[in-house]
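S.K.: In my numbering, the protein residues as written are -1 to 258.
Idealized CB from N, CA, C, for every residue including glycine.
Computed from a predicted model, the values in this text were never measured in an experiment.
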Ligand SMILES: C[S@@+](CC[C@H](N)C(=O)[O-])C[C@H]1O[C@@H](n2cnc3c(N)ncnc32)[C@H](O)[C@@H]1O
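Pasting the structure below:
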């Protein structure tokens, strides 16, 4: 397999990792995990985590009993994933395969219908468009299999800026579909309606959708603490309840591959 020539994500590896030590990272991780677990098949199947990064969800899924392929184009992110894998029991470690590949390469490496679930979480905002990834997820899962996609919510970009009292930025963001993320990169959002339409076009039934981070998104780099359980619980409720979930920073869509 030919490896991608450079690693533009190397400098972002530490900020990505650090984010998991913050309240916003904890909320994202906990909600994504719980939302995913509501829809995954029993823990015996095979899952691919595209852009799996340092492996936070992959490792958790392996601990639950799934066989996981963690695919990521970044050598540095994979090195971080390997470090984390080396710290767990061999039986769990052996259930995770690390593959250096971007989304396009995954389409070449794996045949259609070869996974019970395909995840792409927190990745498409860094890419020029979302539809090729949705097509990829739909192609990789078997009929009845699950696709999980986490994106930035294009329709709520003004929320963070306004709650941080950056009102001029908030006004501009009503007409934007991208903004500067916390790791210092401008990233792109998607609207819920366009995602549902793309799912349908690629033979994915939109089984469920959730919001991630309604109440805590504007709290910046507040560290995770011992008393976060109520914050996580409030976010968990908001993430599945209208109108709150509509203004979440992130959207989590779950699709099920139809037989068509
Ligand atoms: C914010 S991290 C998310 C990591 C992980 N999914 C998580 O939720 O913790 C974004 C990841 O996307 C990866 N990535 C960037 N471009 C990609 C592409 N074209 N295909 C697949 N992954 C990509 C980066 O290397 C990075 O690990």
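Would you identify the three-state DSSP class for residue 47, choosing helix, strand or coil?
M.R.: DSSP places residue 47 in strand when its eight states are reduced to three.
S.K.: Could you tell me whether the segment 34 to 52 touches the segment 226 to 235, using the rule of 3 or more Cβ pairs below 8 Å?
M.R.: The answer is no - the segment 226 to 235 does not touch the segment 34 to 52, with fewer than three Cβ pairs under 8 Å.
S.K.: Take residue -1 and list the residues in its own chain whose beta-carbon comes closer than 6 Å to its own, dropping the five residues that flank it on each side.
M.R.: The pLDDT assigned to residue -1 is 40, lower than 50, so where the model puts this residue is not dependable; a value taken from the coordinates is nonetheless given after this. Excluding sequence neighbours, residue -1 sits near nothing in its chain.
S.K.: Grab me the residues of residue 8's own chain with a C-beta within less than 6 Å of its C-beta, minus the 5 sequence neighbours each way, in chain order.
M.R.: Excluding positions up to five away in sequence, the list reads 74.
S.K.: Between the Cα of residue 154 and those of 126, 189, 143, spot the shortest distance and give me the residue it belongs to.
M.R.: Measuring from the Cα of residue 154, the nearest candidate turns out to be 189.
S.K.: Beta carbon of residue 148: closer than 8 Å to some heavy atom of ligand 1?
M.R.: Yes; taking the cut-off as 8 Å, the Cβ of residue 148 has a heavy atom of ligand 1 nearer than that.
S.K.: Which whole runs of the alpha helix (DSSP H) in the segment 173 to 245 are 4 residues long or more, in chain order?
M.R.: The segment 173 to 245 contains these whole alpha helix (DSSP H) runs: 190 to 199, 227 to 236.
S.K.: Ignore the nearest five residues each way along the sequence and tell me which others in residue 4's own chain have a CB closer than 6 Å to its CB.
M.R.: Around residue 4: no qualifying Cβ.
S.K.: Does the distance from the C-beta atom of residue 82 to that of residue 151 stay below 9 Å?
M.R.: Taking 9 Å as the Cβ cut-off, residue 82 and residue 151 do not qualify as a contacting pair.
S.K.: Measure from the alpha carbon of residue 138 to the alpha carbon of each residue in 124, 123, 117, then state which is nearest.
M.R.: It is 117 whose Cα lies nearest to the Cα of residue 138.
S.K.: What's the C-alpha gap between residue 131 and residue 93?
M.R.: Approximately 24 Å, taken between the alpha carbons.
S.K.: Residue 140 and residue 25 - do their beta-carbons sit closer together than 9 Å?
M.R.: Cβ atoms of residue 25 and residue 140: not closer than 9 Å.
S.K.: Would you decide whether residue 56 is buried or exposed? Buried here means 16 or more other CB atoms lie within 10 Å of its CB.
M.R.: Under this definition residue 56 is a buried residue.
S.K.: Indicate, with yes or no, if ligand 1 has a heavy atom lying under 8 Å from the CB of residue 132.
M.R.: No.
S.K.: I'd like to know if the segment 212 to 224 and the segment 158 to 166 are in contact, where contact means that at least 3 CB-CB pairs between them fall below 8 Å.
M.R.: Contact holds: three or more Cβ-Cβ distances are below 8 Å.
S.K.: Look at the alpha carbon of residue 23 and the alpha carbon of residue 193, and state the distance between them as a whole number of angstroms.
M.R.: When rounded, the distance between both Cα atoms is 24 Å.
S.K.: What number of angstroms, rounded off, separates the C-alpha of residue 205 from the C-alpha of residue 173?
M.R.: Rounded to the nearest angstrom, the two C-alpha atoms are 29 Å apart.
S.K.: What is the DSSP secondary structure of residue 33, counted as helix, strand or coil?
M.R.: Three-state DSSP puts residue 33 in a helix.
S.K.: Figure out for me which residue from 126, 222, 80, 30 has the closest Cα to the Cα of residue 184.
M.R.: Minimum Cα distance to residue 184 is reached at 126.
S.K.: With which residues is residue 151 paired in a DSSP beta bridge?
M.R.: 188, per the DSSP bridge assignment.
S.K.: Near residue 135, what residues of its chain come up, given a Cβ to Cβ distance below 7 Å and the 5 sequence neighbours on each side ignored?
M.R.: Closer than 7 Å at Cβ, skipping near neighbours: 116, 118, 145, 147.
S.K.: At which residues does the beta strand (DSSP E) containing residue 253 begin and terminate?
M.R.: Here the beta strand (DSSP E) through residue 253 covers 248 to 255.
S.K.: Answer with buried or exposed for residue 71, where buried requires no fewer than 16 other C-beta atoms within 10 angstroms of its C-beta.
M.R.: With 16 or more other Cβ atoms within 10 Å, it is buried.
S.K.: Just the Cα atoms here: how many angstroms apart are residue 176 and residue 207?
M.R.: Spanning the two alpha carbons is a distance of roughly 21 Å.
S.K.: Tell me which residues share the same chain as residue 58 and place their Cβ nearer than 7 Å to its Cβ, disregarding the 5 neighbours each side in the sequence.
M.R.: Taken in chain order, the residues that qualify are 31.
S.K.: Out of curiosity, what's the CA-to-CA distance linking residue 186 and residue 18?
M.R.: Rounded to the nearest angstrom, the two C-alpha atoms are 21 Å apart.
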